[in-house]
Amino acid sequence: MPTINRKPLSEKQVKYKHEVEIRNSDFYNSGAWKRLRNTLLSRNPLCYECLQHGRVVPATDAHHLIPFMSGDSEEERWNLFLKDSNIRMLCDTCHHAYHNKMRQYNMKSVFDLTASEYKYAHGLNYQKEIFF
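Residue numbers (this note's numbering): 703 to 834.
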């Protein structure tokens, strides 16, 4: 069974403290996560954010709206991690845009992108475009 590379990171290699915690956890390697992710991907095969902006793009990533590491206990973290209403299926570009917005504005969570943020992330022209 494939697993995520768990090579220890030095402090210099880590930009954010929570990356070490996630890297060293078993969250993403758990069977419960793999089953939930597959279920959500089959239920929502298209990127949520792209659909909101009139485009049809396959979803590839699962984004936790409220970061699961914000839970105070291990049980709260698992509950946030596996709560399907806390997960949004996104394409890789939108997923990166969510995280970039969170870092840029020092936000704990992002629930959507503005039209200009979306167009910038996807490298779209700022002219009026017809997608359907």
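Backbone N, C-alpha and C fix where the C-beta goes; we use that ideal spot for every residue, glycine too. Fair warning: this is a prediction, and the values are worked out from it, not measured in the lab.
(request) Label D801 either buried or exposed according to how many other C-beta atoms from any shown protein chain fall within 10 Å of its C-beta, with 16 as the threshold for buried. (result) The identity of residue 801 in the sequence shown is His, whereas the question assumes Asp. The residue in question, H801, is exposed, as its Cβ has fewer than 16 Cβ neighbours within 10 Å.
(request) Rounded to whole angstroms, what's the CA-CA distance from G756 to E819? Just pull it up for me. (result) 14 Å
(request) May I have the straight-line CA-CA distance separating C793 from Y822, to the nearest angstrom? (result) 15 Å
(request) May I ask you to report which of helix, strand or coil DSSP gives H824? (result) helix
(request) Pull up the distance between the alpha-carbon of R737 and that of D786, whole angstroms please. (result) 11 Å
(request) With DSSP collapsed to three states, give me the class of L792. (result) strand
(message) Mapping the DSSP letters down to three states, classify L753 as helix, strand or coil.
(response) helix
(message) Closer than 8 Å is the cut-off here; do at least three beta carbon pairs connect the region 798-815 with the region 776-786?
(response) no
(message) Taking 8 Å as the threshold (C-beta atoms), are L742 and V837 in contact?
(response) Here the chain covers residues 703 to 834 and nothing more, so residue 837 does not appear.
(message) Buried or exposed for E751, going by 16 or more other Cβ atoms inside 10 Å?
(response) buried
(request) Please list, in chain order, all residues of the same chain as A817 whose beta carbon is under 8 Å from its beta carbon, the five residues on each side excluded. (result) H755
(request) Would you tell me roughly how many angstroms separate the C-alpha atoms of F813 and A761, rounded to the nearest one? (result) 16 Å
(message) I'd like the list of long-range same chain contacts for W735, defined as Cβ closer than 8 Å, with 5 residues on each side in sequence excluded.
(response) F729, F783, L784
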